[in-house]
Amino acid sequence: MSWVTIIWSTIASACITLAGIYLLVWCRNRTAWVNLLFSLTAVAAAGFAFSELLMMLAETPGEFGTALRWGQVSIWLWTVSLVGFVWLYLQAGRPWLAWATCGLRTFALLPNFLVGQNLNYREITALRHIPFLGESVAVAEGVPNPWMVLGQLSLVLLVIFVSDAGVTAWRRGDRRKALMVGGSVVLLVLVGLVESMLIFWGKVQAPLTVSPFYLCLVLVMAYELGRDVLRASQLVGELQASEAGLRENEERLSLAVDAANFGIWIRDLARNEIWASDKWRKLFGFAPSERLELDAILQRLHPDDREGFQQTVGAAVGGEGRYGAEFRVMLPNGGIRWISSHGRVEFDVNGQPVRIRGASRDVTADKQAELETLLLRQQVAHVGRVTMMGQLATALAHEINQPLGAILRNAEAAELFMQEASPDLDEIRAIIADIREDDQRAGAVIDRMRGLLKRQNLTTQPIHVDELVGDVRALVRVDAAARHVKLDVDIPGDLPPVRGDRVHLQQVLLNLILNGMDALNESSREGRRVRVTALLDGAQTVEIAVSDTGSGIPTDKLTHIFDPFFTTKPNGMGMGLPISRTIIEAHGGRFWAENNNSGGATFRFTLPIAEEAAAK
Amino acid sequence: MSLTEPTVQIVDDDRPFLVAASRLLRASGFAVKTFSSASDFLAQHDTDAPGCVLADLQMPGMNGLDLQSALARSRNPLPILFLTGHGDIPSTVRAMRGGAVDFLEKRAPKEKLLDAVRRALARDAGEREERARQRELRARFDALSERELEVLSHVVRGRLNKQIASDLGIHERTVKLHRTAITTKLGVSSVAELTRLTLEAGIFEASATTCPKGQ
């Protein structure tokens, strides 16, 4: 066995082996065409190596010519599959160059079989034996076939096509692939081209040894493809690892979701389907296997909350993308559950909403606590109000009843004295003097109370009317809801701050709003409204009004409502309005009441605006 | 000194009201005396004078309720009427429990005030009469000797002369003599009347059960 036979057989079998491996890869994954193309390239390289071996070992010019003729078929296969390989592997290249290369090569098969002995020789005249690798191999002598230019041109086109594709891939960033595949194809094809041209045009007397270069090329390509296969298997491993991680995350998430008592749901807007976790179904009172319809879910919502919830979700779907809502759910067993729900909308590339995912939680206990706190705060405020007024009322009643009682008894005595036949006028004069004195005493009591408020209790500061009203509104919200009274507030945003004592003014407003709500006890539920408004009255004063839609104040009582102890309520003390008026007058404001044209009463008071605001 | 005419005694620290109230009551035909504090009133309190007390509930120093209990312990427990500027429930309850005739606001209608005063005076008259009767009865029983009282205690329990004689270890005729003395001194004619009078006087109320049986 000679070295030439060993080497060329080895080259061929190496190529065949690689071809077989990648053919198997392609069989497993039919979409990986690049593997098939590589296999064909490797088979072609093996075939050409075989042809080369036959040429070197040829005994007659005929044998040599036949080997070369069939070698051209290998070259054709090699060229076409290589173009396809580069095209697919680099994802680059100009189609017309590819077609031109393949077309030219295919066309070159015609002269190969029809003109002369093969594409390269019109006629092989003789074989010469020259020493190669320590033995004597055959080289041809004869007339070159001019059609050979076609094949060489197609190889030049191949080089141009691959160079172009390589540059494109390089620019795109696939530098490694461009250099390895593009670079090696260009280099090795050029070397093979130059060698074969020198030999076939008769410039050099040497055996054709192109297949080792082709083997190199096949090895480079196999190496590149192998990297891809390796990376794919790495990816599979990573995918498995990340799948395990994903499952772990899912477990953790569901643990957290369960711990936080979240019920999860997904609503597919396109298919109009709703999926929900068991926890969610429990929260909303649906059976685990029950089919979920949007309408059925909306029906579970408390009627008062339904519209607001739909608006919130509508805004989220309309572009806001997220929403958070709190609402009541009416359970099939008649219970009520407070739910806090948060959702996120997913949009497609066109900005159309695709689905909403969300989590819902039972916040009944939180709501209960919140409500209790509110109620407590409201009760505290009420107790405070009653205590303050109660204490004042008791003190006032005692202080004022003394002189009033004396006046009454004196007047009664005077009447009796007058009925006598000869009235004791001195006595009657004394009585009248005492009555006058007692009246002064009663007046002094009231003055003292006002003085008390003025001197000690007023700590004035600039106050924003909307904040003041907001404070009181928070206090009465629960009460108003329980009594079905709608509380409207209309305060202009540009109203200057007023100067006053926050706590005392809160008392006044609270008193007026609660009075207004009391006045609505007889009204129908729909018409129960208390309205708080404010406006700038001149440059120095703000006027605040509290009006109700009740039955108003009877005209004969309108003049008495500010009298102490005058009350129209069964368990009223008759001190709210006198004290409120005293407070407002202590602030330098006015306080009055009037009946509305449309029914109900309006209480109005003025407050001076804060000096800082007035100076502006 | 003893007033025969029933007098309304007004006690109030608020002088203008004191004067005005006394004017009204005088004009309405009552005898009136005024005091500007509870201690002044108690210092001058006549042990026998009939009438009633009209007192302010809230007074500095000794207040109306203190006055009420001091008066109840005295030998002339006049009925008391309270006046107040503004009454609260606990003091009203206490006053009424303590036996107050009425509890009025200072601005109560005249008729209500005068009615209450009349009711108080009537109650005083009744109580006074009752007290006098009691005193007279007591005086009659005081005339009985110790032995006669002992016999009486057995008689009112319905025991026969023979039994009483055996109980006390005396002769039956002696028992009869004691009984005659008792009926004469007390001016009664029957055992039934004797029993009623004894109960009314209440002389055995404390000792009836401990009355010696085999002495």
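The listed protein sequences correspond, in order, to chains A and B. Using our numbering, count along the first sequence one by one with no gaps and you end on 651. Using our numbering, count along the second sequence one by one with no gaps and you end on 216. We put the CB at the ideal spot given by N, CA and C, even for glycine.
Chain-ordered neighbours of residue i on chain B, where CB pairs are closer than 7 Å
i	result
residue 613/A	Under the 7 Å cutoff, chain B gives no residues; its nearest Cβ is about 16 Å from residue 613/A.
residue 595/A	Under the 7 Å cutoff, chain B gives no residues; its nearest Cβ is about 17 Å from residue 595/A.
Residue range of the alpha helix (DSSP H) that includes residue i
i	result
residue 209/A	Premise fails: residue 209/A is in no alpha helix (DSSP H) and is neither H nor E.
residue 284/A	246-294
residue 156/B	147-156
residue 325/A	Per DSSP, residue 325/A belongs to no alpha helix (DSSP H) and is neither H nor E.
residue 196/B	192-202
residue 225/B	Since the first residue shown for chain B is 2 and the last is 216, residue 225/B is missing from the structure and cannot be characterised.
residue 229/A	219-235
Limits of the beta strand (DSSP E) - the one that residue i falls within
i	result
residue 54/B	52-57
residue 630/A	626-630
residue 310/A	308-311
residue 303/A	297-303
residue 105/B	103-106
residue 34/B	32-36
residue 535/A	533-535
residue 160/B	Run containing residue 160/B: none; DSSP gives neither H nor E here.
Between the CA atoms of residue j and residue i - distance to the nearest angstrom
i	j	result
residue 621/A	residue 497/A	16 Å
residue 458/A	residue 452/A	6 Å
residue 36/B	residue 575/A	57 Å
residue 213/B	residue 39/B	For residue 213/B, the predicted structure reports a pLDDT of 43, less than 50, and the residue's modelled location is therefore unreliable. The matter cannot be settled from this model.
residue 182/A	residue 215/A	33 Å
residue 282/A	residue 268/A	21 Å
residue 583/A	residue 86/B	36 Å
residue 572/A	residue 534/A	15 Å
residue 399/A	residue 504/A	29 Å
residue 143/B	residue 183/B	11 Å
residue 278/A	residue 286/A	12 Å
residue 490/A	residue 587/A	With a pLDDT of 46 at residue 490/A, under the threshold of 50, the modelled position of this residue cannot be trusted; read the value that follows with caution. Going by the C-alpha atoms only, they are around 35 Å apart.
residue 464/A	residue 559/A	57 Å
residue 98/A	residue 86/A	10 Å
residue 174/B	residue 153/B	15 Å
residue 119/B	residue 27/B	13 Å
residue 567/A	residue 516/A	16 Å
residue 407/A	residue 556/A	24 Å
residue 196/A	residue 188/A	12 Å
residue 190/A	residue 114/A	8 Å
residue 129/A	residue 118/A	11 Å
residue 7/A	residue 474/A	Absent from the structure is residue 7/A, since the part of chain A shown begins at 36 and ends at 651.
residue 144/A	residue 173/A	24 Å
residue 208/B	residue 23/B	The predicted position of residue 208/B is uncertain, since its pLDDT is 47 and thus under 50; no value can be drawn from it.
residue 171/A	residue 163/A	9 Å
residue 3/B	residue 171/B	Summary for residue 3/B: the model assigns pLDDT 45, below 50, so the residue's position carries little reliability; its value from the coordinates is reported in the next sentence. Rounded to whole angstroms, residue 3/B to residue 171/B spans 49 Å at the Cα level.
residue 632/A	residue 536/A	32 Å
residue 10/B	residue 520/A	57 Å
residue 512/A	residue 410/A	9 Å
residue 598/A	residue 439/A	15 Å
residue 240/A	residue 54/A	33 Å
Beta-carbon neighbours of residue i, restricted to chain A and to distances below 7 Å
i	result
residue 28/B	448, 451, 452
residue 41/B	Here the premise fails: no neighbours, minimum Cβ distance about 19 Å.
Chain-ordered neighbours of residue i on chain A, where CB pairs are closer than 8 Å
i	result
residue 66/B	In chain order: nothing, as chain A lies at least about 16 Å away.
residue 103/B	Here the premise fails: no neighbours, minimum Cβ distance about 15 Å.
Proximity test, Cβ basis, 7 Å: residue i and chain D
i	result
residue 349/A	The structure shown contains no chain D; its protein chains are A and B.
Q: Report the residues of the segment 452-482 of chain A with a CB closer than 9 Å to any CB of chain B, ordered along the chain.
A: 452, 454, 455, 462, 465, 466, 469, 470, 472, 473, 476
**Q.** Runs of beta strand (DSSP E) wholly within the segment 350-409 of chain A (minimum 3 residues, chain order)
**A.** 357-365, 371-382, 388-397
Q: Quick one: which unbroken alpha helix (DSSP H) runs of 4-plus residues sit fully inside the segment 549-622 of chain A? Chain order, please.
A: Residue ranges of uninterrupted alpha helix (DSSP H) with 4 or more members, entirely inside the segment 549-622 of chain A and ordered along the chain, are 611-621.
Q: Please list the segments of the beta strand (DSSP E) lying wholly inside the segment 86-130 of chain A, counting only runs of 3 or more residues, in order along the chain.
A: none
Q.
Counting only Cβ-Cβ distances shorter than 7 Å, please list the residues of the segment 107-132 of chain B near chain A, keeping chain order.
A. Correct list: 107, 108, 111.
Q. In the segment 489-530 of chain A, which residue ranges form an unbroken beta strand (DSSP E) of at least 3 residues, counting only runs that do not cross its ends?
A. 496-498, 521-525
(Q) Tell me which residues of the segment 432-447 of chain A have at least one Cβ-Cβ distance to chain B shorter than 9 Å, keeping chain order. (A) 432, 433, 434, 435, 436, 437, 438, 439, 440, 441, 442, 443, 444, 445, 446, 447
**Q.** Residues within the segment 11-25 of chain B neighbouring chain A, beta-carbon criterion of under 8 Å
**A.** 15, 17, 18, 20, 21, 22, 24, 25
Q: Taking a Cβ distance cut-off of 9 Å, strictly less, list which residues of the segment 75-88 of chain B are near chain A, in chain order.
A: 84, 85, 86, 87
Q: Please specify which runs of the beta strand (DSSP E), each continuous and at least 3 residues long, are wholly inside the segment 155-182 of chain A, giving them in chain order.
A: 156-167, 170-179
Q.
In chain order, what are the residue ranges of uninterrupted alpha helix (DSSP H) at least 4 long that sit wholly in the segment 36-66 of chain A?
A. 38-63
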